[in-house]
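In terms of the numbering used here, the sequence shown is residues 3 to 225.
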Amino acid sequence: MRANKELVLALVAVLAITGMYGGFLSIRGIPAASGFLGHSLGVLGFVLMLMTETLYSLRKRAVRRPWGTMRSWLQFHIFTGIVGPYLVFLHAAWSFQGLAGALTLMTGVVVISGFLGRYIYTAVPRTAEGVMVEAQALQTELAKARADFQRLTETGERASAPAAGVRQAQRRLRELESQLSAMRWARRLLATWHTVHIPLGMVLFVTAFVHAGAALYFATLLR
3 MRANKELVLA
13 LVAVLAITGM
23 YGGFLSIRGI
33 PAASGFLGHS
43 LGVLGFVLML
53 MTETLYSLRK
63 RAVRRPWGTM
73 RSWLQFHIFT
83 GIVGPYLVFL
93 HAAWSFQGLA
103 GALTLMTGVV
113 VISGFLGRYI
123 YTAVPRTAEG
133 VMVEAQALQT
143 ELAKARADFQ
153 RLTETGERAS
163 APAAGVRQAQ
173 RRLRELESQL
183 SAMRWARRLL
193 ATWHTVHIPL
203 GMVLFVTAFV
213 HAGAALYFAT
223 LLR
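Here it is, written out as structure tokens:
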């Protein structure tokens, strides 16, 4: 549960928003994107998405004065990255036409990309340095056990216990080597994902700013 806390909180928020939206829907029908509720949903969703894009990136670059753990900021990034786009979907009234429709579709693509990234992220061990140290320690221990085993067999002494230790160390070493190989693969995949997800996010926000500017122009300047 704690590992997926941000997903649980996002689900609770989405259900609560859906309940309130459904209540409004049953009384007045689907709110127009240009109405007060529609605008409120759009503004709040855009603010959350802006926080999603900027705050986590700023935290990653705050090396000298870190505010909070990276894990906590990632959880916040995922939470706002789910709730914000959902509000945008409600703001668009599930319409997929014109610039607003393109923005809605782009939002969905970025959210799906984010879910894929989260899955890849969890495949990367969080204690990569610790694993490497353990592997090196096992290699040293294995070399020592092999030397002891060879010495015992050469002198004709009983060597069943050292042999069992060598086999156990060999098994553990193979496990660690497999884990390190998987870690390297996941890191390469994560780097590839970044080259797709980040440009998609930038395109999304450029489109969102254009949409917001156009909405303000038509709502105020042309009155």
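Each residue gets a CB set at the ideal place from its N, CA and C atoms; glycine is no exception. Only a predicted model underlies this, so the values are computations on that prediction, with no experimental measurement involved.
Contact fails between the region 186 to 206 and the region 28 to 39, because fewer than three Cβ pairs, one in each stretch, are under 8 Å apart. Under the 8 Å Cβ criterion, the region 40 to 55 counts as touching the region 87 to 95, having at least three qualifying pairs.
Annotation: residue 37 is outside any alpha helix (DSSP H) and is labelled neither H nor E by DSSP.
Shown here, residue 71 sits in coil according to DSSP, grouped into three states, outside any helix or strand.
With a beta-carbon spacing of about 6 Å, residue 54 and residue 86 fall inside the 8 Å limit used to define contacts. Distance from the CA atom of residue 212 to the CA atom of residue 83, rounded to whole angstroms, is 20 Å. With respect to the C-alpha of residue 214, the residue from 122, 47, 12 having the closest C-alpha is 47.
A buried status is given to residue 206, since no fewer than 16 other beta-carbon atoms sit within 10 Å of its beta-carbon. A straight-line Cα-Cα distance of about 12 Å links residue 196 and residue 112. By the neighbour-count definition (other C-beta atoms within 10 Å, threshold 16), residue 108 is a buried residue. Per DSSP, reduced to three states, the secondary structure at residue 31 is coil, with no helix or strand assignment.
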